[in-house]
Amino acid sequence: MSSRRELGFNCTDSRSYAAWDENTTFAKHLYALAAGQIASLKSLDDASKPAVLLDLGTCDGRSTAPCFRECARHIRERDAGAHPPRPQRPVVAIFEDHRHNEWSPLLTRDLKHELGEGVFPLVSNTSFYEEVTAPGSVDLAFSNCAMHFLASSEPPGTFQKALRHVTADASLAEDAAAIAAFRATAAADWQRLLLCRAAELKPGGRLVVSSFAVDERTGFHWGHGGTGASIYHVLAECVQGLVRDGLLTSAEQRRATSPAYYRSLAEFTAPLDDPNSAVSRAGLVLASAEVRHFACPLRAELVAQRAAAAPVDAAAYAQTFVEMLRCVTSWEVVRAFGSGSGDEARPADERQRLVDRVYADFAARVEARPDDFSFDFVLCHMVIEKS
Ligand SMILES: C[S@@+](CC[C@H](N)C(=O)[O-])C[C@H]1O[C@@H](n2cnc3c(N)ncnc32)[C@H](O)[C@@H]1O
Numbered sequence: 013m014s015s016r017r018e019l020g021f022n023c024t025d026s027r028s029y030a031a032w033d034e035n036t037t038f039a040k041h042l043y044a045l046a047a048g049q050i051a052s053l054k055s056l057d058d059a060s061k062p063a064v065l066l067d068l069g070t071c072d073g074r075s076t077a078p079c080f081r082e083c084a085r086h087i088r089e090r091d092a093g094a095h096p097p098r099p100q101r102p103v104v105a106i107f108e109d110h111r112h113n114e115w116s117p118l119l120t121r122d123l124k125h126e127l128g129e130g131v132f133p134l135v136s137n138t139s140f141y142e143e144v145t146a147p148g149s150v151d152l153a154f155s156n157c158a159m160h161f162l163a164s165s166e167p168p169g170t171f172q173k174a175l176r177h178v179t180a181d182a183s184l185a186e187d188a189a190a191i192a193a194f195r196a197t198a199a200a201d202w203q204r205l206l207l208c209r210a211a212e213l214k215p216g217g218r219l220v221v222s223s224f225a226v227d228e229r230t231g232f233h234w235g236h237g238g239t240g241a242s243i244y245h246v247l248a249e250c251v252q253g254l255v256r257d258g259l260l261t262s263a264e265q266r267r268a269t270s271p272a273y274y275r276s277l278a279e280f281t282a283p284l285d286d287p288n289s290a291v292s293r294a295g296l297v298l299a300s301a302e303v304r305h306f307a308c309p310l311r312a313e314l315v316a317q318r319a320a321a322a323p324v325d326a327a328a329y330a331q332t333f334v335e336m337l338r339c340v341t342s343w344e345v346v347r348a349f350g351s352g353s354g355d356e357a358r359p360a361d362e363r364q365r366l367v368d369r370v371y372a373d374f375a376a377r378v379e380a381r382p383d384d385f386s387f388d389f390v391l392c393h394m395v396i397e398k399s
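Residue 191 in this note's numbering sits at position 179 of the sequence shown, with consecutive numbering throughout.
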């Protein structure tokens, strides 16, 4: 198990990762939330020490670098506006991800110059389920769309026909047991992750999280925002098509169960709401938490075209849609074909053909009913302070 793609941590298995940059604005909300903490961050009151910023689950750092720049700008403004004004303090910016991340896009960038004068980039391949930095050393930690990954790349159970717990059938005894195991594992992992942050944050430091979530009020989650098809349902159907056609075994399909979990607001806040929990006793206090729904920008264009009675190119919409979908979900489909070694693994070219088939099937469905498909983001935004 050498590659991140096989382990299931990949989110860039497509030419079109750039399409996310162009078509999504959700990361900007995290920057605003993170940078907005700086003015009132009590840990920064001691200006004699460098400010330390930490991004958890950074991937290629594409979303992170602007957030670091924005935070550094706010720190400079804060220092300049102090009475008397303080000299500019150094800012340490740590890019963190799992050791199986595809690191080369980040490591080959000129981070020092991208982040600007007085900001010192560092990279850590630790995992956010471990303490990443020395105790009491971080002023502001943040994370965008990464903490749905569970600590182990092996899921705590497998589903009969679903890739994710949100689309598993709770009425099937076997799936119900797996869903319960996911829920318990996600709770234990979340506590472990928070205890690591409790250790590494300075007193008065904060953690800002934007994480995929399930909106308990509507049942919506990423790819299922109320405007038609649920992406994970359809994707699971496309994988199921391979089983029906005898191209994939049921055991292989079960392996496609993702080691990921979309928590609800209640699940995110549970350890912080309980004053006797290990997390509260470690000094973490919830400042704010809300679930937000970001409508799909791609679909907004389609809706505008429909409103203007302009022609819609359904094939082009399907192609863009599926390229983006593939970019963030193909690691889950690929899991079906094993770890890439051993008797059970299929040859790489065969896997590729089968994965291509899954997405071709998906594209045909989008082309037939483009208005049914959208990438809505449902995210939980949280601010947590170390007392
Ligand atoms: C969807 S990407 C988000 C990347 C980035 N934050 C962004 O906004 O573009 C999720 C990232 O979480 C990382 N990840 C998964 N498990 C992790 C862990 N235990 N520790 C650190 N990073 C992890 C993955 O490797 C991947 O790079």
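C-beta: ideal position from N, C-alpha, C; glycine also.
Note that this is a predicted model, so its numbers are computed, not measured.
Quiz item: What are the boundary residues of the alpha helix (DSSP H) that residue 392 is part of?
Solution: Boundaries around residue 392 are those of the beta strand (DSSP E), 389-398, since no alpha helix (DSSP H) includes it.
Quiz item: Is residue 155 near residue 68, with beta carbons less than 7 Å apart?
Solution: Result yes, Cβ atoms of residue 155 and residue 68 sit closer than 7 Å.
Quiz item: To which residues of the same chain is residue 233 closer than 6 Å at the C-beta, ignoring the five residues directly before and after it?
Solution: Within the same chain, Cβ atoms closer than 6 Å to the Cβ of residue 233 are found at 178, 226, 274, 390, the five residues on either side in sequence being excluded.
Quiz item: Where residue 135 and residue 151 are concerned, what is the direct C-alpha to C-alpha distance, given to the nearest angstrom?
Solution: Their backbone Cα atoms lie some 17 Å apart in a straight line.
Quiz item: Is residue 233 close to chain B, meaning its C-beta is less than 7 Å from at least one C-beta of that chain?
Solution: The chain inventory of the structure shown lacks chain B, comprising one protein chain alone.
Quiz prompt | Member of 303, 307, 46, 374 whose CA lies at the smallest distance from the CA of residue 338 | solution = Ranking the options by Cα distance to residue 338, first place goes to 374.
Quiz item: Regarding residue 171 and ligand 1, is the C-beta to nearest heavy atom distance less than 6 Å?
Solution: Distances between the C-beta of residue 171 and the heavy atoms of ligand 1 are all 6 Å or more.
Quiz item: In the structure shown, what three-state DSSP assignment does residue 214 receive?
Solution: For residue 214, the secondary structure class from DSSP, reduced to helix, strand or coil, is strand.
Quiz item: Apart from the five residues just before and just after residue 378, which ones in its own chain have a Cβ nearer than 6 Å to its Cβ?
Solution: Counting only Cβ-Cβ distances below 6 Å, and skipping sequence neighbours, we find 330, 333, 385.
Quiz prompt | Which listed residue (368, 75, 312, 190) has its alpha carbon closest to that of residue 157 | solution = The shortest CA-to-CA distance from residue 157 to any of 368, 75, 312, 190 is the one to 75.
Self-check item: Opening and closing residue of the beta strand (DSSP E) in which residue 227 lies
Solution: From DSSP, residue 227 is part of no beta strand (DSSP E); its letter is neither H nor E.
Quiz item: For residue 152, which three-state DSSP category applies?
Solution: Looking at residue 152 - three-state DSSP - the assignment turns out to be strand.
Exercise. Could you tell me if the beta carbon of residue 109 falls within a distance shorter than 6 Å of some heavy atom in ligand 1?
Key: Yes, since a heavy atom of ligand 1 falls inside the 6 Å radius drawn around the Cβ of residue 109.
Quiz item: Whose C-alpha, out of 240, 266, 46, is nearest the C-alpha of residue 252?
Solution: Looking at the Cα atoms, 266 is the closest of the given residues.
Quiz item: By a C-beta neighbour count over all protein chains shown, 10 Å radius and 16 as the cutoff for buried, is residue 167 buried or exposed?
Solution: Buried, by the Cβ-count rule.
Practice problem: Spatial neighbours of residue 181 within its chain, please: CB distance less than 6 Å, with the 5 preceding and 5 following residues excluded, ordered by chain position. | Solution: When the five nearest sequence neighbours on each side are left out, the beta carbons in the same chain lying within less than 6 Å of the beta carbon of residue 181 are those of 187, in order along the chain.
Self-check item: Residue from 164, 292, 91 whose Cα sits closest to the Cα of residue 102
Solution: The candidate whose alpha carbon is nearest that of residue 102 is 91.
Practice problem: Would you check if the distance between the CB atom of residue 2 and the CB atom of residue 276 is smaller than 7 Å? | Solution: One cannot answer for residue 2 here, as it falls past the ends of the chain, which runs 13 to 399.
Quiz item: Is the beta carbon of residue 217 sitting closer than 7 Å to the one on residue 61?
Solution: Going by C-beta atoms, residue 217 is not nearer than 7 Å to residue 61.
Self-check item: Entirely enclosed beta strand (DSSP E) segments - the region 63-132, minimum 3 residues
Solution: Those beta strand (DSSP E) runs which fall completely within the region 63-132 and span 3+ residues are 63-68, 103-108.
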